[in-house]
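Chemist: Be aware that the sequence shown starts at -14, since it is given in the working numbering, and climbs by one per residue.
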Amino acid sequence: MCVDNTPPPSGRLTRRGVLAGAAALAGTSAVLAGAAPEASATSAAPLGSPGRGGDLVVEGGRLLDPLTGEVTEDAVVVIIGGVVRAAGPRGRLGTRPSGVPVLRAHGQWILPGLVDAHIHLNTAAEARDAVLKGATSARSGSTNFYQDVAVRELARQAPERAPRLRAAGIFVTPDLGDTILADPDLAPLARLREGVRSTEALRRVVEVNLARGADTIKTRVNERAGLPEQDPLVQVYDHEQLSTIVAAARRGGKGVLCHSYSEKGCHDAVTAGIRSLEHGAFVGERTLREMRRRGTYFTPTLTAIAGLAESSDPVLAERGRTYLPVLKRAVLAAHELGVPLAAGTDSSGGTVDPIGREVELMHAAGLPALDAIRTATTGAAKLLGFDSTAGRLARGFAGDVLVVDGDPLADLGVLSRPARVVRAGFSVPAA
């Protein structure tokens, strides 16, 4: 059975209702309706209108530029309207603007807000928690009912409440399960006995995602590691099916991130043209070399695999203990070969892990501290298309700041315990 005769997904009539439902599930509508005017100048902004950022001066700390590795003593960062207008040593910047709030960071370190390149944000509360833990920009690893699209809109209207986000919409996977209820344009797929596997069905899920405003497409080549009844080395899509997904995404101007574990699965996904390989524990050297040649990113989500090792389920715990050292070796091999790396926690299920922990694990895998920091700043920002917006504190970049209580180049653990987070010029209060 196929879906050839199904009309194309509605980009206008259905989208408003579908996304209103997603916003209700995520709780973003209620957050915006109750936003205090003094907290955000956008509380009364119409849907889709970007909110103005805040004005703030951060002064007195050591400023680290991840791009160059340069450290500036007694630095000043001037943020106006959520955008960095100046950053550098106090003596060079002259008089700071009058009437602008000041965040004093004497004795502390100043970094750009971090980027989580693989996270599942289903609610406004999770989005806020991600910001509080240092992730001021992020890429969704998919949600069941387009909640990430709603979170992205929350971030645009009230930036202090959510990371700047690339939304992935719903997962392109053989069994959509209850996700088929997310959108009336997915209803025809409910009758497919073999699930989402045919060329027409694969294209359909991609097209519906694009019609609902997804920024990227998420799919898989292997089963899940986090479910004990599944075998993450079993392949669920072949090269041809993956190529169909990639081609459909490219027609909409989007890239694909692919959940992967086995070497064959990784190789099929990379040669099919995906933008980034997620997890990838058993990726081999031939595939890494192909990734370097193509510029394919590697998002290993070490945090998630390390979490499996701590599971109370013996199958998952053994899986985590087995996979983690293998994945660390793959990360180091990728780094040494010049494969671009991006940090992602794969946080889900209501728990948000600090992106700083992923940076620590990158370092534990063998990356020098500065290179590990780059995976959550300049590297991840480039993957997400935020390379002129996030990952640095320089003129014209977003006013997203992390203030930490120690030298991150000596102790990456400080990144998981930010003293203060600034999102688009708003100093975000602790929970």
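Note that the Cβ used here is the ideal one computed from N, Cα and C, for glycine as well.
To which residues of the same chain is R113 closer than 6 Å at the C-beta, ignoring the five residues directly before and after it?
Modeler: Here the question's residue 113 lines up with position 128 in the sequence shown. For R113, where only same-chain residues beyond five positions count, the Cβ hits under 6 Å are R146.
Chemist: Near A234, what residues of its chain come up, given a Cβ to Cβ distance below 6 Å and the 5 sequence neighbours on each side ignored?
Modeler: Within the sequence shown, the letter at position 249 stands for residue 234. Around A234: V191, I202, V241.
Chemist: Per the contact definition of three or more C-beta pairs closer than 8 Å, is the region 291 to 298 in contact with the region 76 to 91?
Modeler: Contact check between the region 76 to 91 and the region 291 to 298: fewer than three CB pairs, one atom from each, fall below 8 Å, which does not count as touching.
Chemist: Under 8 Å, with one C-beta from each stretch per pair, do the region 353 to 364 and the region 46 to 56 reach the 3-pair mark?
Modeler: yes
Chemist: What are the uninterrupted segments assigned as alpha helix (DSSP H) that are 4 or more residues long and contained completely in the region 145 to 197, given in chain order?
Modeler: 184 to 196
Chemist: Could you tell me which residues DSSP pairs with V406 in its beta bridges?
Modeler: Position 421 of the sequence shown, counting from 1, holds the residue named residue 406. DSSP, once it has assigned bridges, lists L387, V413 as partnering V406.
Chemist: Roughly how many angstroms separate the alpha carbons of A210 and I64, rounded to a whole number?
Modeler: As a first step, residue 210 must be located in the sequence shown, where it is residue number 225. As a first step, residue 64 must be located in the sequence shown, where it is residue number 79. Spanning the two alpha carbons is a distance of roughly 42 Å.
Chemist: Helix, strand or coil for Q226, going by three-state DSSP, please let me know.
Modeler: Looking up residue 226 in the sequence shown gives position 241. The answer is helix: DSSP assigns Q226 an H, G or I state.
Chemist: If we cut at 7 Å on Cβ distances, does N194 have a partner in chain D?
Modeler: Included in the structure is just one protein chain, with no chain D present.
Chemist: Closer than 8 Å by C-beta to V42: which residues in its own chain qualify, once you throw out the five before and the five after it? Chain order, please.
Modeler: For the purposes of this step, residue 42 is identified with residue 57 of the sequence shown, where counting begins at 1. By the criterion of a C-beta distance shorter than 8 Å, V42 is surrounded in its chain by V61, V62, V63, I64, R81, P82, V85, P86, V87, L88, once the five residues flanking it on both sides are discounted.
Chemist: Quick check on this structure: which residue in L397, G410, L394 has the alpha carbon closest to the alpha carbon of V386?
Modeler: In the sequence shown, the residue the question calls residue 386 occupies position 401. Checked all of L397, G410, L394; the closest Cα to V386 is G410.
Chemist: Going residue by residue through the region 261 to 349, where are the continuous alpha helix (DSSP H) segments of at least 4 residues, counting only ones entirely within it?
Modeler: 270 to 279, 287 to 294, 299 to 322, 340 to 349
Chemist: Can E44 be considered in contact with the ligand PLP, in the sense that its beta carbon sits closer than 6 Å to one or more heavy atoms?
Modeler: Looking for the ligand PLP in the displayed structure turns up nothing, as the structure carries no ligands at all.
Chemist: By Cβ distance, which residues of its chain are closer than 6 Å to Y222, with the 5 residues on each side in sequence left out?
Modeler: Position 237 of the sequence shown, counted from the start, is the residue given in the question as residue 222. If we look at Y222 and ignore the five residues flanking it on each side, its Cβ neighbours are V206.
Chemist: Could I get the ranges of all uninterrupted beta strand (DSSP E) runs contained in the region 49 to 129, with 3 residues as the minimum, in chain order?
Modeler: 60 to 65, 68 to 74, 87 to 89, 94 to 97, 99 to 104, 120 to 125
Chemist: Among residues of its own chain, excluding the 5 on either side of S125, which ones have a beta-carbon nearer than 7 Å to its beta-carbon?
Modeler: Within the sequence shown, residue 125 is the residue found at index 140, counting from 1. Here the set comprises I104, H105, L106, D133, L150, R151, A152, A153.
Chemist: Within a Cβ cutoff of 7 Å, which residues of the same chain sit near V268, ignoring the five residues on either side of it in sequence?
Modeler: Taking the first residue of the sequence shown as 1, we reach residue 268 at position 283. For V268, where only same-chain residues beyond five positions count, the Cβ hits under 7 Å are E248, C251, L262, A315.
Chemist: What's the C-alpha gap between A379 and S373?
Modeler: Along the sequence shown, read from residue 1 onward, the residue named residue 379 stands at position 394. Along the sequence shown, read from residue 1 onward, the residue named residue 373 stands at position 388. Near 10 Å, if we compare the C-alpha coordinates of S373 and A379.
Chemist: Does the Cβ-Cβ distance between E111 and V407 come in under 7 Å?
Modeler: The residue given as residue 111 occupies position 126 in the sequence shown. The residue given as residue 407 occupies position 422 in the sequence shown. Their beta carbons are not under 7 Å apart, which means E111 does not touch V407 by this criterion.
Chemist: Mind checking L212: buried by the 16 CB within 10 Å criterion, or exposed?
Modeler: Position 227 of the sequence shown, counted from the start, is the residue given in the question as residue 212. Exposed.
Chemist: Kindly indicate which three-state DSSP category S245 falls into: helix, strand or coil?
Modeler: As a first step, residue 245 is located in the sequence shown; it is residue number 260 there, counting from the start. If DSSP states are grouped into helix, strand and coil, S245 belongs with the strands.
Chemist: What's the gap between the Cα of L4 and the Cα of E138?
Modeler: Within the sequence shown, numbered from 1, the residue matching residue 4 stands at position 19. Within the sequence shown, numbered from 1, the residue matching residue 138 stands at position 153. Approximately 10 Å, taken between the alpha carbons.
Chemist: For the region 66 to 80 against the region 346 to 357, are there 3 or more C-beta pairs whose distance is under 8 Å?
Modeler: These segments do not touch.
Chemist: Given that a residue counts as buried once 16 or more other Cβ atoms are within 10 Å of its Cβ, and exposed if not, what is V311?
Modeler: Looking up residue 311 in the sequence shown gives position 326. Exposed, because fewer than 16 other Cβ atoms sit within 10 Å of the Cβ of V311.
Chemist: From what residue to what residue does the beta strand (DSSP E) around I202 run?
Modeler: Within the sequence shown, the letter at position 217 stands for residue 202. Run containing I202: 202 to 205, per the beta strand (DSSP E) assignment.
Chemist: If I measure Cβ to Cβ from S401 and keep anything under 6 Å in the same chain, skipping five residues before and after, which residues do I get?
Modeler: As a working mapping, residue 401 is identified with position 416 in the sequence shown. Cβ neighbours of S401 beyond the five flanking positions: P339, G341, R342.
Chemist: Looking at the secondary structure, which residues open and close the alpha helix (DSSP H) in which V16 lies?
Modeler: Taking the sequence shown and counting its residues from 1, one reaches residue 16 at position 31. 13 to 18 is the extent of the alpha helix (DSSP H) around V16.
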